[in-house]
Each structure stands twice: as structure tokens, then as C-alpha cells.
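Under the working numbering, the first residue of the sequence shown is numbered 584, with each subsequent residue one higher. Cβ atoms here follow ideal geometry from the backbone N, Cα and C, with glycine treated the same way. These notes concern the structure reproduced below.
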Amino acid sequence: MNRMLSAFTVILLVVCGALWLATDHYRDNAITYKAQRDKKARELELANATITDMQQRQRDVAAGRKRLRINATCSGTVREATGTSGMDNATGPRLADTAERDYFTLRERLMTMQKQLEGAQEYIRTQCIN
584 MNRMLSAFTV ILLVVCGALW LATDHYRDNA ITYKAQRDKK ARELELANAT
634 ITDMQQRQRD VAAGRKRLRI NATCSGTVRE ATGTSGMDNA TGPRLADTAE
684 RDYFTLRERL MTMQKQLEGA QEYIRTQCIN
């Protein structure tokens, strides 16, 4: 009887230890997955804020509330002042409407490509390297 009780106690302790290890393992996994979820949620929130900001800027430029400024030079030759007045172009260089739209489209696509690249790099780091 004493041996049976000892064996039962040992088996019970082993089962309790195994359950404790399994619980600890799954708890660690849950904490890791929660941290990953929170990180991805922050990244998604930042990406959505960036997209919203870009769309708002695009609407502002299209409506004329803001101007799209770029570093540009005039392609024509600039003549030196010779004493006679001539007709000066009062406006600075500006993009055409189609070029303006293309600029925002390219900027949006660049952001998408960057997110895809970061996702691929993260996948490689987590799945392929480890």
C-alpha cells in the first residue's frame, strides 16, 4: 500500500510538473503573440495616418489651399539685366496638373512598396532565419 501511494504521489507530481510546463509555455506564447499584435496594430495605425495625411495634402493641393513645392529650375536661359526692361515671368516654376497627380500616385506606390518590403524582410527574419 505504501509503495502504491508513493508511486501515485510521484505520478501526480510528474503530471503536475508537466501541466505547469505546458501552461508556462503557452503563457509565454500568448505574451509573445500579444506583443506582435500590438506592434502590428501600431504600424497599421501609423500607415493609416500616413495615408490619410497624404490624401489630405493631395486634396489641399488640388483645391489650391496649399502649394506643392519642389526644387526646380527654369529651363530657359536667364538674361542679365542690360538696362532695358523686359517681360518677366512673375510666377515660379510649377508642375503641370498631370505631373502633380503622378507625383502623389508615385508617392503612394512608394509607401506601399516600402511596407511590402518591410513585411517581406520581417517574414524572412522570423520564419527563414530562425
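Residue closest to residue i, alpha-carbon to alpha-carbon, out of the options
i	options	result
GLU626	GLU701, TYR616 and VAL644	GLU701
ILE634	GLU691, ASP680, ILE707 and PHE591	GLU691
LEU678	ALA632, ILE653 and GLN699	ILE653
Three-way DSSP call (helix, strand, coil) for residue i in this model
i	result
ILE653	coil
LEU604	helix
GLY632	At residue 632 the sequence reads Ala, which differs from the Gly that was named. It is helical.
LEU627	helix
ARG648	coil
MET637	helix
Outcome for residue i when other beta-carbon atoms lying within 10 angstroms are tallied against a minimum of 16
i	result
GLN641	buried
VAL644	buried
Any C-beta of chain C under 9 Å from that of residue i
i	result
GLN638	As a matter of chain content, chain C is missing from the structure shown, which is built from one protein chain.
For residue j and residue i, believed in contact at Cβ under 8 Å, the rounded distance
i	j	result
LYS698	ALA630	6 Å
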